[in-house]
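Visitor: After the structure tokens below, expect a handful of questions from me.
Numbering (the UniProt record's numbering), first residue to last: 1 to 207.
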């Protein structure tokens, strides 16, 4: 009796792409590379698009872990500062996940002098405008020599920095906010999750 040819089972699209993704001989290190490899070896004539590949990779932890950032946004003008205490940048680091281990501290107000890169971190329990204004007042009256006050204070456009209490801080000459960049969280993630230590004792213009 003649034995017929064994038919191959057509895999599901996800299974097929996964096999190509795990095959070290294919160029599947990117969305375009995986799409080309999957198309080249598509003996089952499965229908898929680049978007299908993108969705598949978005669920792969190894791809997301090693994904590089291709950030495209309007380039800002370069900041040129010739002396310290002319321009400061401030931001909030979110510490809510570890507040129970840090006496209820939910945020760190990070202040960086653009010229010298000296930094101060002020612990805060909330990010209300009044709280930030009091923290800035504390920095200018206690931490920093009154003779050295920044001419310009830069922050993102968060409502906590746009509060009238913050803008009315008497030690600030010019206060500017800028549009929050969508990728800012990715850029500052390592900084916000690193160990914090104040540098006030080493700062040449601090008390």
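Glycine residues also receive a C-beta, built at the ideal position from the N, C-alpha and C atoms.
Keep in mind that this is a model prediction, so the values were computed, not measured.
Compare the Cα-Cα distances from residue 83 to each of 165, 12, 152, 127 and report the closest residue.
Guide: Of the candidates 165, 12, 152, 127, the one whose C-alpha sits nearest the C-alpha of residue 83 is 152.
Visitor: Three-state secondary structure (DSSP) at residue 23?
Guide: In the structure shown, residue 23 sits in coil (DSSP, three-state: anything other than H, G, I, E or B).
Visitor: In this structure, how does DSSP classify residue 116 when only helix, strand and coil are distinguished?
Guide: Coil at residue 116, not helix or strand.
Visitor: Note down the Cα distance separating residue 180 from residue 112, rounded to an integer number of angstroms.
Guide: Only weak support exists for where residue 180 lies, its pLDDT of 45 falling under 50; the value from the coordinates is given anyway. Cα to Cα, residue 180 sits roughly 18 angstroms from residue 112.
Visitor: Run the CB neighbour count on residue 14, radius 10 Å, all protein chains shown included, and call it buried at 16 or more, exposed below.
Guide: Residue 14 should be labelled exposed.
Visitor: Can you give me the C-alpha to C-alpha distance between residue 99 and residue 105, rounded to a whole angstrom?
Guide: So the alpha carbons of these two residues sit roughly 5 angstroms apart.
Visitor: DSSP puts residue 110 in a beta bridge; with which residues?
Guide: BP columns for residue 110 point to 91, 121.
Visitor: Alpha carbon to alpha carbon, what distance is there between residue 107 and residue 94?
Guide: Each residue's alpha carbon lies about 5 angstroms from the other.
Visitor: Exposed or buried, residue 32, counting other C-beta atoms within 10 Å across all chains shown (16 or more means buried)?
Guide: Label assigned to residue 32: exposed.
Visitor: Check whether the Cβ atoms of residue 122 and residue 133 lie closer than 9 angstroms to each other.
Guide: Against a cut-off of 9 angstroms, the Cβ pair of residue 133 and residue 122 comes out as no contact.
Visitor: Given that a residue counts as buried once 16 or more other Cβ atoms are within 10 Å of its Cβ, and exposed if not, what is residue 131?
Guide: Buried.
Visitor: Return the bridge partner residues of residue 53 from the DSSP annotation.
Guide: In DSSP, residue 53 forms no bridge with anything.
Visitor: Can you tell me the Cα-Cα spacing of residue 34 and residue 58, whole angstroms?
Guide: So the two alpha carbons sit approximately 13 angstroms from each other.
Visitor: Grab the span of the alpha helix (DSSP H) containing residue 166 for me, first residue to last.
Guide: 164-167 is the extent of the alpha helix (DSSP H) around residue 166.
Visitor: Determine which residues share a DSSP beta bridge with residue 80 and list them.
Guide: The partner list for residue 80 (beta bridge, DSSP) is empty, contrary to what the question assumes.
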